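To start, the structure itself, in structure tokens.
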Amino acid sequence: MAETAITEDSVRAALTERLKATHVEIQDMSGGCGQAFTSLIVSPEFAGKNSLKRHRLVNAALKVEIAQIHAWSAKCQTPEEYDKEMAATGGNDKPPMDGTEGGKVTGVNE
Amino acid sequence: MSDVKEITSVEGWEEHVSSLPPSTLLIVSFHAPWAAPCAQMATVLSTLASEYPVTEPPATSWVKINAEDLSDISEAYNVTAVPFLVLIRNGEVLETVSGSSAVRVRNAIESHASKTGAGAAAANGPVTTAGGDEGEVATEEDPEKKKQELFRRLGDLVKAAPVMLFMKGTPSEPKCGFSRQLVGVLRDNAVKYGFFNILADDEVRQGLKEFADWPTFPQLWVDGELVGGLDIVKEELDSNADFLKPYSVKANGDVSAAAS
Chain A
1 MAETAITEDS
11 VRAALTERLK
21 ATHVEIQDMS
31 GGCGQAFTSL
41 IVSPEFAGKN
51 SLKRHRLVNA
61 ALKVEIAQIH
71 AWSAKCQTPE
81 EYDKEMAATG
91 GNDKPPMDGT
101 EGGKVTGVNE
Chain B
111 MSDVKEITSV
121 EGWEEHVSSL
131 PPSTLLIVSF
141 HAPWAAPCAQ
151 MATVLSTLAS
161 EYPVTEPPAT
171 SWVKINAEDL
181 SDISEAYNVT
191 AVPFLVLIRN
201 GEVLETVSGS
211 SAVRVRNAIE
221 SHASKTGAGA
231 AAANGPVTTA
241 GGDEGEVATE
251 EDPEKKKQEL
261 FRRLGDLVKA
271 APVMLFMKGT
281 PSEPKCGFSR
291 QLVGVLRDNA
301 VKYGFFNILA
311 DDEVRQGLKE
321 FADWPTFPQL
331 WVDGELVGGL
341 DIVKEELDSN
351 ADFLKPYSVK
361 ANGDVSAAAS
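Order-wise, the sequence lines are chains A and B. Quick note on numbering: the first sequence equals residues 1 to 110 in this note's numbering. Quick note on numbering: the second sequence equals residues 111 to 370 in this note's numbering.
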């Protein structure tokens with residue numbers, strides 16, 4: 001099992017390589033501990049898949065990483081969906097922050 | 111499939127007990143409506159009960175008693191904390207289980223009930239098990255068998271209600287931000303759901319991750335299938351605002367097993 005620390009960069013690299021992601025945004029929501037991340041992942045591989053299937057694809061791609069952290073959230077969009085939402089929100093398509101309080105997760109150490 | 115009947119008076123209790131044949135295993139659950147672990151135990155018990163067909167004579171009888179309302183009965187059985195389970199056959203207390211471990215409760219009930227419970231051949235007359243008759247019962251020693259057992263239980267648990275939320279904490283006291291938000295989403299959509307506090311049962315907590323092939327909690331299950339966590343539920347609602355409509359309660363907000 002790789003002992004490399006989980007960082008925003010390492011997750012981004014993994015997703016780009018394993019899922020052919022065209023755009024990845026990762027945010028650490030553990031206050032810098034590298035223990036909880038939320039992400040926005042844009043990849044053509046999501047086309048034709050429902051929400052659960054997309055997340056399962058991501059979970060499989062990040063199996064090793066997710067097993068080591070306490071919390072993980074993702075928003076999975078195809079390039080078309082991403083462009084559409086960016087246009088609709090004036091450039092405001094971001095990783096989901098639901099479940100956090102003040103940008104940090106709570107209660108994940110139980 | 112059996113239901114759990116609520117006993118509401120001492121007379122009702124005495125009448126019920128005297129009506130049972132000596133072979134019936136009487137499963138009594140003592141609860142208090144204000145105690146969140148009791149709501150969870152109610153879900154566990156009704157799931158279990160549904161696996162036992164109603165036979166003639168009845169192999170099992172399932173009742174629940176409000177421990178505070180019927181304090182005479184609770185005192186008679188030394189009920190000092192809830193939830194509390196008492197297993198009785200022919201007037202004799204076989205075993206009691208105090209606390210909210212779904213695993214202990216299930217093990218106790220299964221070890222005393224006839225194993226012909228879930229849909230197999232009908233019971234062959236009175237069961238003379240005096241506890242510990244493990245002869246025909248599948249042994250729990252074998253880890254592979256144990257896992258199959260666990261998965262079977264989980265398969266039932268995820269179907270305990272049309273909408274099931276496996277969360278950290280309870281709807282009235284969520285223990286993590288994601289669980290709290292998901293409870294909020296369900297409340298906003300007036301969804302009627304059952305819940306399970308995975309912090310209270312480590313076997314379910316770890317087992318469900320493997321069973322569902324899903325690494326995190328909370329988990330929302332609908333009609334026995336995994337929907338996902340908070341992020342997915344919100345995505346589903348974004349793309350279809352009526353996603354949870356079939357499961358909502360129209361009337362005045364009786365939304366979950368435990369009031370918030």
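For each residue, glycine too, the CB sits at the ideal point set by N, CA and C. These figures come from a predicted structure and were not determined experimentally.
Buried or exposed by the 16-neighbour rule on C-beta atoms within 10 Å, applied to residue i
| i | result |
| --- | --- |
| B:P328 | buried |
| B:K257 | exposed |
| B:W144 | exposed |
| B:N200 | exposed |
| B:K278 | buried |
| B:S181 | exposed |
| B:A152 | buried |
| B:V192 | buried |
| B:K255 | exposed |
| B:A240 | With a pLDDT of 38 at B:A240, under the threshold of 50, the predicted position of this residue should be treated as unreliable, though the coordinate-derived value follows. Looking at its Cβ environment, which holds fewer than 16 other Cβ atoms inside 10 Å, B:A240 is exposed. |
| A:Q77 | buried |
| B:E346 | buried |
| B:Q316 | exposed |
| B:A146 | buried |
Within chain B, the residues that residue i reaches when beta carbons sit closer than 8 Å
| i | result |
| --- | --- |
| A:K75 | D341, E345 |
| A:D98 | F288, Q291, L340, D341, K344 |
| A:T101 | Sequence check: residue 101 of chain A is Glu here, not Thr. By Cβ distance, chain B contributes G287. |
Residues bridged to residue i [DSSP beta-bridge criterion]
| i | result |
| --- | --- |
| B:F321 | In DSSP, B:F321 forms no bridge with anything. |
| B:L307 | The sequence given here places Asn at residue 307 of chain B; Leu does not occur at that position. Looking at the DSSP assignment, B:N307 forms a beta bridge with B:M277. |
| B:Q329 | B:F276 |
| B:E335 | B:V332 |
| B:V301 | B:S358 |
| B:P284 | B:G279 |
Chain-ordered chain A contacts of residue i [CB-CB under 7 Å]
| i | result |
| --- | --- |
| B:L267 | Near B:L267 there are no residues of chain A at all, since even the closest Cβ is about 19 Å away, more than 7 Å. |
Within 8 Å, strictly: CB atoms of residue i and residue j
| i | j | result |
| --- | --- | --- |
| B:K302 | B:V343 | no |
| A:V64 | A:L19 | no |
| B:L135 | B:T157 | no |
| B:S139 | B:L195 | yes |
| A:V42 | A:Y82 | yes |
| A:S73 | B:D341 | yes |
| A:L52 | B:V295 | no |
| B:W123 | B:I183 | yes |
| B:L284 | B:V273 | Note that residue 284 of chain B is Pro in the sequence shown here, rather than Leu. No, Cβ-Cβ distance for B:P284 and B:V273 is not below 8 Å. |
| A:V105 | B:G287 | yes |
| B:T76 | B:G339 | In the structure as shown, chain B starts at 111 and stops at 370, and residue 76 of chain B therefore has no counterpart that could be examined. |
Interface partners of residue i on chain A, CB under 8 Å
| i | result |
| --- | --- |
| B:L336 | L52 |
Limits of the alpha helix (DSSP H) - the one that residue i falls within
| i | result |
| --- | --- |
| A:H70 | Looking at the DSSP string, A:H70 is not in any alpha helix (DSSP H), and its letter there is neither H nor E. |
| B:A159 | 146–159 |
| A:A61 | 51–61 |
| A:A89 | Just to set this straight, residue 89 of chain A is Thr in the shown sequence, not Ala. Run containing A:T89: 79–89, per the alpha helix (DSSP H) assignment. |
| A:D28 | Run containing A:D28: none in the alpha helix (DSSP H); it sits in the beta strand (DSSP E), 23–28. |
| B:L52 | Any answer about residue 52 of chain B is impossible in this case: the structure gives chain B only from 111 up to 370. |
| B:S349 | 340–349 |
| A:A111 | Chain A is shown from 1 up to 110; residue 111 of chain A falls before or after that span and cannot be answered. |
Interface residues of chain B facing residue i [CB-CB closer than 7 Å]
| i | result |
| --- | --- |
| A:V105 | G287 |
| A:H55 | G338, I342 |
| A:A61 | Going along chain B, no residue has its Cβ under 7 Å from A:A61, so there is no contact; the nearest lies around 13 Å. |
Proximal residues of chain B, C-beta to C-beta of residue i below 9 Å
| i | result |
| --- | --- |
| A:I66 | P325, T326 |
| A:N92 | Per Cβ cutoff of 9 Å: no residues; A:N92 is ~14 Å from chain B at best. |
| A:A14 | Near A:A14 there are no residues of chain B at all, since even the closest Cβ is about 15 Å away, more than 9 Å. |
| A:A87 | Going along chain B, no residue has its Cβ under 9 Å from A:A87, so there is no contact; the nearest lies around 16 Å. |
For residue i, the first and last residue of its enclosing beta strand (DSSP E)
| i | result |
| --- | --- |
| B:L130 | Looking at the DSSP string, B:L130 is not in any beta strand (DSSP E), and its letter there is neither H nor E. |
| B:E205 | 202–208 |
| B:L372 | With chain B covering 111 to 370 only, the question about residue 372 of chain B has no answer from this structure. |
| A:L40 | 36–42 |
| B:K256 | Element bounds for B:K256: not the beta strand (DSSP E) but the alpha helix (DSSP H), 253–267. |
| B:S171 | 170–176 |
| B:V114 | 114–117 |
Closer than 7 Å at the beta carbon, the chain D residues around residue i
| i | result |
| --- | --- |
| A:A21 | Absent from the structure is chain D; the protein chains it does hold are A and B. |
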